[in-house]
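Residue numbers (this note's numbering), protein chains in the order written: chain B, 82 to 436; chain E, 5 to 277; chain R, 16 to 397; chain H, 16 to 397; chain G, 6 to 293.
For every residue, glycine included, the Cβ atom is placed at its ideal position computed from N, Cα and C.
As the structure is a prediction and not an experimental result, all values here were calculated from the model.
Scroll down for the structure; my scribbles are underneath it.
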Ligand SMILES: Nc1ncnc2c1ncn2[C@@H]1O[C@H](COP(=O)(O)OP(=O)(O)OP(=O)(O)O)[C@@H](O)[C@H]1O
Ligand SMILES: Nc1ncnc2c1ncn2[C@@H]1O[C@H](COP(=O)(O)OP(=O)(O)OP(=O)(O)O)[C@@H](O)[C@H]1O
Ligand SMILES: NCCCCNCCCN
Ligand SMILES: [Mg+2]
Ligand SMILES: [Mg+2]
C-alpha cells in the first residue's frame, strides 16, 4: 500500500546525472575508509575515476530517527537533498513498499548482480535487488572495555552485574537491542510472541529503573566506551575492531547475536540516480570492497573480496567479522518482519521504555 | 592578612563575580584548548593528545561542517536583518503611538519569550505539516522560525532604548527646521542606533545558536548546531572547536573594537581642533 | 556686526487659548504684543502656563483658540520647522551624537544655507565656543552647554528667540555670569528675546519689559521699574518682590490730574497715596509698602522721612544677611511687617530684637490695591 | 517637647585628611570643633571638599589621616551604621519602594526601637507630613520629599545631623520656606546640624557659625556677622558676599589695644583701619570695602558719612533690582567698584549712568588684606 | 486639519506594528492554534504525512499526562533548581558588574554575552569532557572522598542541572544587571547611614529594588530551561530525561503528533499558570 505520493503519483524526477557530476548521500558514521597520509580512500579514488563530486554525510544514527527526518519530504514528493541513503534492511523494505525508492537500472550496475554474495540474494522484500544494494552487513553483540571490567558474556550479565552499574549503554535501534534480549529470554527473534516481547521489554525497564543503563545510543557509544564513561554495551561488530583500541572487545553473547545488512537505496526525488549507480557498481568491485572491509571491519557483501583481501591484509582473510564462515553464521539471527501495525506498536512500546 | 587577602576582603563581591565569570568561561577554555588537539593519532576524542596547528590551518576539513556554518551564518544574517527591521518598526509604534490594541500587542510580543522552544518549534512544525509544507521544510522554514522568535527580543531591546530617548531632542530638531523625515534620520535614528545594533547582535546570536526549533523545522537542511549535534554521535571533529573559538573571538573583537573605535573617535575629534 | 539687518515684525498673541486633551486649560485668552528687538521676560509661578505659551509660539503645541502673528504673518498653524522662531530649551536638548559645531550647523543645514561653516564659525566666536567646536555636548560644562544651546538657536537669526528657563539648571554664580552674557549677545544681535524665568532678579535686570502671568493670563506687564513700584494686584505685589499689605479705608480723594491723591486711614494713621497708584474703586483696600521703603529708628531717635510716621512697633526678628538686615516688626495693631535695611554701617550694628521702634515711609511709594483680592496671592502655596 | 534630652558631645575633627585612590587630595589637614547643639554651616566653592568632609564624618568615606570624635568617643573608623550621625542627602535618597512612614521608620527599626510607630507619628507631625504617611516618595512634591529626608534622619536623634545641600534642588521661594522650617526644627530638637550649602544668604541667616572652606582647608570660621565684616583673606572677602578691594600702602600705625589703627594711603586718600581688621604685616595691602558701605551722592550734594570721602567717580552702570540698585562706579584711578544702594525712595529714582558722584565710607568698616593674595580669589573661575 | 493628522498618525502606528503583528500572528499565534487542534486529533487516523483531522479527542491529554507526568515533574524540578542556582550566581555577578566593576563595566558585560557566540552545543559538549568519569574533576572528588569510588557526575541529575544553570545564566544576569544598575548607590549609603548592617542593606533596600530584574531574569531562565532537552540528552541518563526530550521524541522518531502536541499544550499551560501566580506574588505585574 503506497503511502502518500510515491511512484504512483509519478513522483520521479528526471535524472540530472549527465549534467551534474555530483552525488549526495547519507550513511552511518564510521562506515567508510578515509584518506590518511599516503593512503587513498576508496571514495577519493571513486571521485578521481569518475569525476563525480561526492557529498558524503554521515548523518544516519538510527533508522527511525533518520526516517523522521525525511518522511515529510518523501511523503510530499519533495527533494530530500540526497541521492542515496544507506539504511538497514527492514527500513529499506518499508521505504520501498511506500513507493519512495527508485528502481535501479540493472545495466548500470553489472557488478551488483555478478558479485553479490549468495546469502544476501533473494531477500523477501527485494527479491531481485531491483531497488537496493547492500553496503555492509554486521552483527550486534556485546562490547566491553577490558581495562575496566571483566568479560561480559550474556545479556543478563550486562543488565544486572553490579560492577557495570551506570556504565552500560544499549542501542536505540529496537531490532538490535530487543533481538538480543529476546535471545536471552530464550525466544527466537525471527519468530516470537507478544508475551516474549513483553518479558524482554520488562528486563530493560527494570535495568533502567535500577540505574544500570546510562544511555540508549546510536553510534556514539564507541567514544564513551574507549573513554571509560561506559564499561560495556550493545555494539555493532565492525565499530569495535575498527576503533583500534586494544582494550575494546566485541563478543557474541552466549545466547547468540543479531545479523543485519545496510542497503544503498535511491529515493524517488534523488536527481542523480545514474551517479548513484556508478557508486554502487564501483563498490561492488571486489578489490574496492576488500579495501573498504579492511578498514571498517564489517561483513563484506561482495563475492571475490576475500581473495582480494589476500593482497591487502592477509591477517583479515579469515576474520569471521568480515568473512563469516557458515559455523559462525549459525549463531546469528535475523529480526522478524513486522507488519505496519505491529511495527508501530513495538516501536512505541520500545520508545516508551528507552525515552 | 596578606595583601591579596585584604584586597579580596574589600572586594568580596567583585571577587565572587569574577569567579562566576570564570565559571562561565570554563567550557570556552576547554574548547579553545581542544582546538589545538591533534586527533589524527587516536580516535579517542576525549583527551588532549598532542599540540597541533592543523585544525586551525584546515578548519573546513570535516565534511559538511563549513557548509553548515555557511547555512547558519546566512540564516543568522537574514533573520537578523528582517527581525531587526520588523522589530524596530514595532518598537517605534509601541513607544511613540497610542493605538487600539497596543496592550494586546505587548502581550503578543511577550508570549514568544515565555514559550518553551520545544513548544514553539513543534507548533510551527505542526502548522507547516498541516498546511502541506511538510515537504518544504528547510532553509526557508528555519528562517521564518528564527525571524519569529527574534522579533520579540528586538522589540524589547529597541523599545527600552527608545523609551530612554529625550523627546525634547526631536522637538528641538523640528524647531531647527528639520521636517519629520530629517528629524528621524538625523536625530532619532542615530540615537536609537546603539539599541538597534544591540538588538541585531542579540538576534544573530540567538539564531546562530538555536538548535531546538531549528531541528524540528529544518527537514534535511543542516545548520552548524545541527552539524555539531550529529557529529557528537561519532566524536566531534576538533575543527568544531576552532569554529567555536573563532566565532567567540570574532564577537569579542567586534564589540571591543567598536568600543575602542568610538572612544578614539570621540577623543580624536576633541583633540583635532 | 549686528545680525539684525532685516526688517522683522512684532510678535502678537491674540486671544490665545490652550486646552490640553485631558480638559485642563493651561492658557486662557492671552493677549500680548512683544515689540521687535525687545528683551521680554515672562514671570509667573510654576504651572501658570509659561511653557505652554512658548510651545504654542514655537509650534510644538497647537493653540485651541486665538492667533499668533509675527509682523503681518499668521503663524498660528504653521509647522514648527517653518516658523521664524527658535527655542532654547530648559535642559538645552543638545544633540548628544553631534559635535558642538554640528549642533550649531544643524539649523542652517536644514534650511540649505549657502555657507554654514562660516556662519558657525562666526557664532561660535560670538559665544566664545570656538575651542569647543569639535567636542561632544557631554564633554562641556553646564555653562558651555548653555551657550551652545544659545548659539544653535541664534545662528538662524529667527524673528523671535524663545528661552524657557535656560539658566534654571545653573548654580547662582554661573547663573549671574550667564545673565550678563545673554544680555550682551541680545544687544549684539538685536533679536526679539522672550525669556521665561522663575528668577525675579534675573527678569528685572535683563528685560525691557516684564510680564507677570498667573493661571493662564497676563496679570500685568510693563517696565521692571513700573511693575515693581506700581503693582496693580496683590498677586503681582507679592509675587514680584515682597510687599507689606496693610488694611486701609479710603477717607478722601483730593486734587486732580497728576496731583490727584487718595487719603487712606490705616489703623488710625492717614496715608496719602497718588491716584495713579490706586487700583480700587471701593472704600476699602490694601495699602502696599515695599520692605525697603519701610524706614525704622529706635523709638525717640530722629527719623528722616517725611509723611506717615508711626510709633509703637517692636522688632520681633532681625535676620542678618551681610549686605542688609531683614527686620520683622510687630505693629501696634498686631500685624507683622517686614523691613529691609541696608547695612550701611551708619547704625553701627543691628537693632536688637525687642526694641521699640518708630516706623515711617514716604507716601509717594505706597500703592492701594483692591481689598477683594487675596492678601496672600502670589505667595508660595503648599 | 524637645528631643535633646541626652547629653552629647561636640564634634571634633583633628588633622582630617582625605586622599582619593586616584591620588587626589580632597581634604587637607582639617581641624574643626563644632559645639553640641549648634547650627553650623560649611560654605565653599564647588570641589573644595565639603561633601568629602561630611562623608568622612558619616563614615561613608574613610579618612586617610586624622581623627573624628564625638565627645570623647573616637569614631574615625567606626562603621557608618554604628555612628550616632545621620545625613540628609542632596537628592534625599529616599527609598522609592517604601512609604513615607516606612522610610521614616527605617532607622528606628534597624536599631530595634521599641515603639517605632509612635516615634514615626511624632516626627511626621513635627514635619507636617502626617497626611503623606502612606504615600510613596514619588507621589510627593520636592518640598515634601525634603521634609521626609529630614524626618527620616531626625527620628534617630543622632548626635550630629549632616545636611549636604538639602535645599539645592528647590526653587527660590520653596527654598526660603524650607530654610525657615529647617531652622524651626533644629531649634525644636536641639541637635547639632552641620549644613553644607552654596547659598551664602542661607548660611548667614541660618547658622550660628559659618566656616568658609577652600581647597580642602578651612579658610576662616566664625559668627556670620564677624565673618562678613572682618574677612581675613581675599578669598573669604570675595566668596562671602562681594568686596571692593583697592590697592593701598601702609603709611602709619597709631594707638594701642582696642584703639590701635593703621593708616593706609589709597590712591592719595588716607584710610584709617582698625588694627583688628588688618590682616597683613607688609607695607602693601588690599583695602576691602563692602558695596553696601559705599555711599554715593551726585557731585556737590551733601554726603552723610564721616571719614574718607572722594570725588571724581563716575557712574558707569546702574542695575535696578527692585529692592535695591547696584551701581558700578569708575574711580579716578580707573578701577571699577560696586556700590549697593537700598531703594529707600529718598532719591526719588536712579542716578543716571554718566553722573559724577562723590563716594564715601565709614572707616571702621574697611579691612586690610595681604597684598600677596590674589585679588580675584573666590570669584567664579571659568 | 488637526484631526486629519491625528488619523494619519494612528495609521502610521498600524503600519509600523503591522509586519511584526502579522508575522507573529501567522508564525506564532496561528501555529499555537494549530498545535491545539493537532492535540485534539485522533492519532490513529492521521499521520505526519497525511495530516490529522480534528476529532476533539481529549484522550490525548489524559494519555499524555498519564504516561509522561514524571517527565513533566522532573522538568519543573530541574528547571526550578537551575533557576535558583542561576539567581544566586547571576545576582553575584550582576551586582559586581553594576556596583563594583567601575570602568570595567562594559568589558564585563560583553564577557557575559560573548560565550553565546561559541555554539552552546559545543560548550555543553565540553562539559561532558570536563565531567567525564575518568576526568580530572571526578578523580579529584573521588580522591577527596566527596564522590565514592564508582561515583560519577555525568549521567546524573547534578550534571543536567549544572548544564541548565550554565547555559541559562546569561539570561538571568542581563535583566538583573539592568535593574541593579538603576539603583542609586546613594540609597545604599542612606541605608548604611540609617544603621542598616550590610546584610540589612541588601535585604531591605537592594533586593526589593532589584525585584523586577529578579522576576524578569528568573522567568527568562525558568521558561526555556523547563522546555530544554539538550542538557538532559548530552549530560543526563534515561532516568533524567525531561519533558522536552519526550516531546521531541514523540514529534520526530515516534511521529505521534497528537500526543506530542497535547504534551506541549500541557507544558505551556502549566508554565503560564506558574508565571501568572509568580508575577502576581512578586507584585511586578507591570513588568510584563
Ligand atoms: N500635556 C499636558 N496635558 C495636560 N496638562 C498639561 C500638559 N502639559 C502641561 N499641562 C498642565 O498645564 C499647566 C501649565 O503647564 P506649563 O508647563 O505651561 O507651566 P509653566 O508655567 O511652564 O510651569 P513651570 O514654571 O513649572 O515650568 C500645568 O498645570 C500643567 O500641569
Ligand atoms: N571618588 C573620588 N575619587 C577622586 N576624586 C574625587 C572623588 N570624589 C570627589 N573627588 C574630588 O574631590 C574634590 C572634592 O570633592 P567634594 O565632593 O568633596 O566637593 P564639594 O566641596 O562637595 O563640591 P560641590 O560643592 O560641588 O558638591 C573634587 O575635586 C572632586 O573632584
Ligand atoms: N559504524 C557503522 C554502524 C552501522 C550500523 N548499522 C546499524 C544497523 C542496525 N540494525
Ligand atoms: Mg515651564
Ligand atoms: Mg558636594
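Check                                                                                                                                                                            : Outcome
Tell me the DSSP secondary structure of residue 314(B) in three-state form.                                                                                                      : strand
Take every Cβ of the region 188-199 of chain B, pair it with every Cβ of the region 279-292 of chain B, and state whether three or more of those distances are shorter than 8 Å. : no
Between residue 191(G) and ligand 5, is the CB less than 7 Å from at least one heavy atom?                                                                                       : no
Is residue 56(E) helix, strand or coil when you go by DSSP?                                                                                                                      : coil
Taking Cβ positions only, does residue 112(H) come closer than 8 Å to chain G?                                                                                                   : yes
Evaluate the contact criterion for the region 154-172 of chain B versus the region 325-340 of chain B: three or more CB pairs, one atom per stretch, below 8 Å.                  : no
In angstroms, rounded to a whole number, what distance separates the CA positions of residue 98(H) and residue 245(G)?                                                           : 54 Å
If I'm right that residue 55(R) touches residue 210(R) with Cβ under 8 Å, what's the distance once you round it to whole angstroms?                                              : 7 Å
I'd like to know whether the C-beta of residue 174(E) is nearer than 8 Å to at least one C-beta of chain G.                                                                      : no
Where in the region 24-93 of chain R do unbroken runs of the beta strand (DSSP E), each at least 3 residues long, occur, reported from the N-terminal end onward?                : 26-34, 40-49, 54-58 and 80-85
Can you pull the chain G neighbours of residue 73(H), defined as C-beta to C-beta under 7 Å?                                                                                     : 198
Going along the chain, which residues of its own chain have a beta-carbon closer than 8 Å to the beta-carbon of residue 34(H), five neighbours each way excluded?                : 40, 41 and 79
Can you tell me the Cβ-Cβ gap for residue 277(H) and residue 293(H), rounded? I've got them flagged as a contact below 8 Å.                                                      : 5 Å
Rounded to whole angstroms, what is the Cα-Cα separation between residue 158(R) and residue 33(E)?                                                                               : 51 Å
Report buried or exposed for residue 368(H), applying the criterion of at least 16 other Cβ atoms within 10 angstroms of its Cβ.                                                 : exposed
Comparing the CB of residue 63(R) with every heavy atom of ligand 1, is any distance shorter than 7 Å?                                                                           : yes
If residue 286(H) sits next to residue 279(H), beta carbons under 8 Å apart, how far is it from one beta carbon to the other, in whole angstroms?                                : 5 Å
Does the separation of the CB atoms of residue 105(B) and residue 163(B) fall below 8 Å?                                                                                         : yes
Can you give the Cα-Cα distance for residue 102(G) and residue 110(G), rounded to whole angstroms?                                                                               : 6 Å
Report all residues from its chain with a CB closer than 6 Å to the CB of residue 117(E); omit the five preceding and five following residues, and keep chain order.             : 156
How about the region 217-228 of chain G and the region 152-162 of chain G: do they share at least three Cβ pairs that are nearer than 8 Å?                                       : no
Looking at chain G, is there any beta carbon in it that lies within less than 8 Å of the beta carbon of residue 226(B)?                                                          : no
Less than 7 Å separating the Cβ of residue 219(B) from some heavy atom of ligand 3?                                                                                              : yes
Determine, using beta-carbon pairs with one atom in the region 174-185 of chain H and one in the region 204-220 of chain H, whether at least three such pairs fall under 8 Å.    : yes
Enumerated in chain order, which unbroken segments of the alpha helix (DSSP H) with a length of 4 residues or greater are wholly contained in the region 168-253 of chain R?     : 187-204, 215-221 and 239-244
What are the residues in the region 180-194 of chain G lying within 8 Å of chain A by C-beta distance?                                                                           : The structure shown contains no chain A; its protein chains are B, E, R, H and G.
Can you tell me whether DSSP reads residue 262(G) as helix, strand or coil?                                                                                                      : helix
Relative to the C-alpha of residue 101(B), which candidate in 134(B), 112(B), 282(B) and 170(B) has its C-alpha closest?                                                         : 134(B)
May I ask whether a heavy atom of ligand 5 can be found less than 7 Å away from the beta carbon of residue 212(H)?                                                               : no
Counting pairs of Cβ atoms below 8 Å between the region 195-203 of chain G and the region 123-131 of chain H, do you hit three or more?                                          : yes
Between which two residues does the alpha helix (DSSP H) harbouring residue 154(E) extend?                                                                                       : 143-167
According to the neighbour-count rule (16 or more other Cβ atoms, all chains shown, within 10 Å of its Cβ), is residue 330(H) buried or exposed?                                 : buried
Identify whether residue 165(B) lies in helix, strand or coil by the three-state DSSP scheme.                                                                                    : strand
In the DSSP assignment, the alpha helix (DSSP H) including residue 351(R) goes from what residue to what residue?                                                                : Run containing residue 351(R): none in the alpha helix (DSSP H); it sits in the beta strand (DSSP E), 351-357.
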